[in-house]
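Report on the structure given below.
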Ligand code: TYD
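Numbering (the working numbering), first residue to last: 30 to 234.
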């Protein structure tokens, strides 16, 4: 059986990570003949989608602690029903956002305790760690322009919040340089894709 891999895509809203995930999935399936599973947090399917609707669209008060637990509940479902079964059967799982989003958004963005978030993330993931995490780094001004005026509950946060999130990702990358790789997401889609495939080849070589 082939070895499975778990790869996560991270960055501030509007960084282009979803486009890059789809391009890598196509490349791995069509050119490399891998079996690839695409998933996302929050809201891959079923129950997760219900949790996503609350997280992104609920217009009443949501405490930061409650928000964190909802992201974690969705993560537990994603890990148990999609990620772990696929990785354990030798597939490549590409996940749009994962644990580092909670550290960056709820930790660095909202100011919750990062040690506690790490602990809760470990419980939600049953201690599975991504083999590779790619952070698509972009200045917040450009990313906000890409998001446009139709914003969900999270995207409606201000520039200061997203600057803290971006800096959080960069700190995480400094702390875990073997797992987390930063790519410059202000370049063309093709140039970024080349970097992403290069990182994948490095991982499997
Ligand atoms: P995402 O699906 O990437 O949004 P988009 O529709 O822009 O592709 O992510 C949804 C939002 O949830 C995004 O603003 C980031 C936020 N988020 C957190 O705050 N914490 C988390 O743990 C996760 C997974 C996402």
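All residues carry an ideal CB built from backbone N, CA and C; glycine is no exception.
Here the structure is a predicted model, which is why all the values come from computation and not from measurement.
Per DSSP, what kind of secondary structure is residue i in: helix, strand or coil?
i: residue 56; result: helix
i: residue 162; result: strand
i: residue 167; result: coil
i: residue 141; result: coil
i: residue 69; result: strand
i: residue 39; result: strand
i: residue 132; result: helix
i: residue 194; result: helix
i: residue 74; result: coil
i: residue 224; result: helix
i: residue 109; result: helix
i: residue 176; result: helix
Give the single residue among the options whose Cα lies nearest to the Cα of residue i.
i: residue 104; options: 160, 55, 78; result: 78
i: residue 189; options: 179, 183, 169, 207; result: 169
i: residue 62; options: 130, 70, 53; result: 53
i: residue 172; options: 37, 46, 31; result: 46
i: residue 69; options: 44, 157, 125; result: 125
i: residue 156; options: 183, 112, 76, 119; result: 112
i: residue 180; options: 36, 42, 117; result: 42
i: residue 236; options: 59, 37, 60; result: In the structure displayed, the chain extends from 30 to 234; residue 236 sits before or after that span and is not available.
i: residue 130; options: 186, 121, 71; result: 71
i: residue 64; options: 81, 216, 89, 117; result: 117
Look at the Cβ atom of residue i, then the Cβ atom of residue j, and state whether they are nearer than 8 Å.
i: residue 128; j: residue 110; result: no
i: residue 160; j: residue 34; result: yes
i: residue 202; j: residue 233; result: no
i: residue 138; j: residue 176; result: no
i: residue 133; j: residue 197; result: yes
i: residue 214; j: residue 166; result: yes
i: residue 83; j: residue 99; result: yes
i: residue 92; j: residue 135; result: no
i: residue 85; j: residue 183; result: yes
i: residue 119; j: residue 30; result: yes
i: residue 209; j: residue 162; result: yes
i: residue 97; j: residue 152; result: no
i: residue 221; j: residue 212; result: yes
For residue i, count neighbouring Cβ atoms within 10 angstroms of its own Cβ and tell me buried if that reaches 16, exposed if not.
i: residue 178; result: exposed
i: residue 107; result: buried
i: residue 51; result: exposed
i: residue 207; result: exposed
i: residue 73; result: buried
i: residue 95; result: exposed
i: residue 40; result: buried
- Any heavy atom of the ligand TYD nearer than 5 Å to the CB - residues listed: Every residue passing the under-5 Å Cβ criterion appears here: 42, 70, 100, 126, 130, 131, 134, 183.
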